[in-house]
Amino acid sequence: MKRVLSSNDRVAPLRAIGLAAGIVAAMACLSRPVAAQESVTLKRVFTAGETDRYTTIIKFEQNAMEAVLVTTEVTREVKDDGTAVVATTVDSIVLRGRGSEVPFPGGSGQVLLSTYDKSGKPVKHETVGGGGDVGMLLNVARPSVFLDKPLKVGETIKDEVPVGPDKSRKAVVAVTLLGIDKKSADTPEDCLRFKVVTERVVPGPNGDIKSTSEVMVRLGKDNGKLVSAEGKMDGIPMPGGGSTKLSYTVTRTPAKK
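Using this note's numbering, count along the sequence shown one by one with no gaps and you end on 257.
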């Protein structure tokens, strides 16, 4: 007999994503000079009107559930100073678990407005319509890599990034350029392939917890746009004590005409 998902089943995974979003924010803030002779650079280049579609699957270990989101991203505006505004619309979101699949209440149709500075670093997120939980889910599974200087294949750079509401704690972030993937039947464009590992200590109900994140992400070589990602997070504090894990995949698919 299939067990129907309860309201607690639907809410519990979202209680764990605040920390995960903080880890992603730490990844986005990494910026460290590297040697001048290295030749690979990365910058997110926005074009007004560009449209991309993504399928995101987030799996929660604690209750064997997963959230499946289909979203469309449109660059609404690129200002003279290089600032860009991107609107991410949730086309659909469902929760799967225990043999059941249910729509996420109020999820479809929500819009996440993201503002990026001229370097491509996110500086503001705002959810329009409904609650902010879907926006938090999207931020968890949207890894970003920012490099101020060129990087060579095989090199790893590390930095400490202030995190937390008051920036009093630090996350150690390591970025490795794994390789350059050429355009092929399975790769829509030339991509830079990175591994990003983040470690931090976070407060939990019963004391500090070590939290880690590891993601393999492919970004467009010429535009820095997310092509795909596969990641996992461990040590996410739960409200009642203890910690949980999650994993996720993100795949860019052709946008609807």
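Glycine is no exception: its CB is placed at the ideal position from the N, C-alpha and C atoms.
Proximity to P105 across L112, S114, V90 and S119 peaks at V90, based on C-alpha coordinates. Taking the Cα positions, V74 is about 42 Å away from N206. In this structure, the beta-carbon distance from G224 to K59 does not fall below 8 Å. Distances from the alpha-carbon of P143 to those of K158, K152 and P122 put P122 closest. When C-beta atoms of the region 193-201 are compared with those of the region 216-236, three or more pairs fall below 8 Å, so the two segments count as touching. Just so you know, the alpha carbons of A174 and N63 end up roughly 30 Å apart.
In terms of Cβ geometry, T88 and S114 form a close pair [threshold 8 Å]. In the structure shown, M136 adopts helical secondary structure according to DSSP, grouped into three states.
Per DSSP, E61 has no beta bridge partner at all. Here S247 is near G231, since their CB atoms are less than 8 Å apart. L138 sits close to L112, with the two beta carbons spaced by under 8 Å. Residue environment: A255 is assigned as exposed (fewer than 16 neighbouring CB atoms within 10 Å of its CB, all protein chains considered).
Inclusion of L69 and T51 in the CB contact set at 8 Å is not warranted, their separation being larger than that value. Classified as buried, S211 has 16 or more neighbouring CB atoms from the shown chains inside 10 Å of its CB.
With a contact defined as Cβ atoms closer than 8 Å, A141 and A229 qualify at about 7 Å.
DSSP places K124 inside the beta strand (DSSP E), whose first and last residues are P122 to V128.
Within the same chain, and ignoring the five residues on either side of V134 in sequence, the residues whose Cβ sits closer than 6 Å to its Cβ are V90, G107 and Q110. Taking the Cα positions, V250 is about 10 Å away from R53. DSSP, read as helix, strand or coil, puts S92 in strand.
Ranked by Cα distance from E66, the options R252, K245 and T253 are led by K245.
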